[in-house]
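For this note's numbering, add 40 to where a residue sits in the sequence shown, where the first one is 1.
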Amino acid sequence: MLRFYTAGESHGQALLAFLSGLPAGLPIDVAAINHELHRRQLGYGRGGRQKIEKDSAEIFAGVRHGQTIGAPIALRIENRDWANWEKILPVEDTKSAETTSKKLVAPRPGHADLAGSQKFNFHDARYVLERASARETAARVAAGSFARQLLAQFGIEIASHTVQVGHVRLERAACWNEIKAICADLESPLRCVDAQAQEKMKAEVDAALKAGDTVGGVFEIVAHAVPVGLGSHAQWDEKLDGRLAQAVMSVQAVKAVEIGSGILAARSYGSEVQDEISYDKQARRFKRSSNRAGGLEGGITNGEDVVVRGFLKPISTLRKPLGTADLVTKEPVQAAYERSDWCVVPAGGVAGEAMVALVLADAFLQKFGGDSLAETRRNFESYGRQIDEF
Ligand SMILES: Cc1cc2nc3c(=O)[nH]c(=O)nc-3n(C[C@H](O)[C@H](O)[C@H](O)COP(=O)(O)O)c2cc1C
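Take a look at the structure:
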């Protein structure tokens, strides 16, 4: 239902996003898109690039008079750094092009540098890393904001927080209100709900910087007030947990995804894992005693919060580089270093929120359809009555 693509390189003119399938008549708040873009740029442990960029989205198609018109949406986020790269990465092969000045022949282990160069047949990883870079997540976040704005029309909200940085973990559960509050707090360095744990996380980030190293961690995304019945058990590719896992795993540097307490569940007994069901006669709804399933059973949302965790490996670009082999001479050399982040857990969470929003909005439109928001709403409300009467 909802399709999206991105284009653009890290140091090219701009990042672009194309989004198709939203119903007409959805009010679009451009300031909300830019707010998400700003959130993506924050976080303790980011490199110098964020000081250069001030991301904002310019919409070129699909939105008129402040609302969607059922046409594909196209948007652009300018790369301010392009001014420094115009001569290095020109579109046309001009004589003034500084084609060799930023060549990257010492592939960084953990990046797409070597595999991408071999695959696309470059003896310079520059073109590969330009696209593999997580600068691309800015385009996803902008597209994701459209999905969030659709979901918000139906009371569905999405937020993320940091639950681990390096060896330091948030050792307690966080409730929705806390997560929502920390998500809105632009001053919070690592978006962790616990002040003490956050101080320890900051120390972990500082230690990595001091050692010329990098540090990974875990972000948790929570989607609140999701209706029961999104996704399906009927086919493997309709299972919403699988679709969410793929989407969050596609965020650069995410190496594992967990739904609910999935990892702990693997080493627990069934009686310790499943969420018992009861019926609240007053509220006229089924309830769970806990939400270890993370809001998904059989690939279908069950009405509880959808909880997805993304596990980020530490950034591959190291100030104290690892050994590698030169793409041209094949001699042993040290991996290339260029300006880089050293911890991106909060920013990864914002990118993860966007991916969760896009997948949920897609599943939502699959269930409720509608060419206009009014039609989607009618379908949604009619289904709500069915659930109430169930
Ligand atoms: C928000 C964010 C920012 C990132 N910043 C950097 C960075 O500055 N330097 C770097 O080497 N990798 C960075 N990464 C990770 C790389 O983009 C990623 O590891 C690389 O593209 C290889 O892809 P893979 O790890 O998904 O296999 C960042 C990832 C995210 C989510």
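Ideal Cβ placement from N, Cα and C applies to all residues, glycine included.
Asked                                                                                                           : Found
Neighbour flag for N331 against chain D, beta carbons, 8 Å                                                      : The chain inventory of the structure shown lacks chain D, comprising one protein chain alone.
Of the listed residues R116, V268 and H207, nearest to T254 (C-alpha basis)                                     : H207
Check whether G334 and R231 have beta carbons under 8 Å apart                                                   : no
G252 to K327 span [Cα, whole Å]                                                                                 : 49 Å
Contact test: I355 Cβ vs ligand 1 heavy atom, cutoff 7 Å                                                        : yes
Sequence-distant residues of the same chain with beta carbon closer than 6 Å to W122, five excluded per side    : Q53
Residues sharing a beta bridge with Q189, DSSP                                                                  : Paired residues: none, contrary to the question.
Cα-Cα separation between R180 and V258, rounded to whole angstroms                                              : 19 Å
As assigned by DSSP and simplified to three states, the class of S272                                           : coil
Proximity test, H201 beta-carbon vs ligand 1 heavy atom, cut-off 7 Å                                            : no
Cβ pair R307, V399 closer than 8 Å                                                                              : no
A101 beta carbon less than 8 Å from that of A111                                                                : yes
Spatial neighbours of L362 in its chain, beta-carbon cut-off 6 Å, leaving aside the 5 residues before and after : P149 and A375
V346 vs R332 beta-carbon contact at 8 Å                                                                         : no
Boundaries (first-last residue) of the beta strand (DSSP E) holding V131                                        : Looking at the DSSP string, V131 is not in any beta strand (DSSP E), and its letter there is neither H nor E.
Among A263, G184, A274 and D133, nearest to W216 - alpha-carbon criterion                                       : A263
S173 beta carbon near ligand 1 (any heavy atom closer than 7 Å)                                                 : yes
Residues near R379 in its chain [Cβ-Cβ closer than 6 Å; skip 5 each side]                                       : G87 and G88
Collapsed DSSP secondary structure at S311 in the structure displayed                                           : helix
Helix, strand or coil at A97 according to DSSP, with G and I counted as helix                                   : strand
Nearest-angstrom Cα separation, counted from V291 out to E176                                                   : 9 Å
Nearest-angstrom Cβ-Cβ length linking I113 and L42, presumed shorter than 8 Å                                   : Actually they are not in contact, since the Cβ atoms of I113 and L42 sit about 10 Å apart, beyond 8 Å.
Those residues which DSSP pairs with G350 across a bridge                                                       : F259 and V297
8 Å contact criterion, which A187 and I117 should meet: CB distance rounded                                     : No, A187 and I117 are not in contact; Cβ-Cβ is about 17 Å, not under 8 Å.
Beta-carbon proximity check, G350 vs V297, cutoff 8 Å                                                           : yes
Ligand 1 heavy atom lying under 7 Å from the CB of G256                                                         : no
Closest Cα partner of A397 within the set K295, A285, D315 and G256                                             : A285
Same chain, Cβ closer than 7 Å to F420, five either side skipped, listed in chain order                         : F194 and F408
As assigned by DSSP and simplified to three states, the class of P267                                           : coil
According to DSSP, residues forming a beta bridge with K321                                                     : Its beta-bridge partners do not exist; DSSP assigns none.
Per-residue DSSP class, three states only, for F58                                                              : strand
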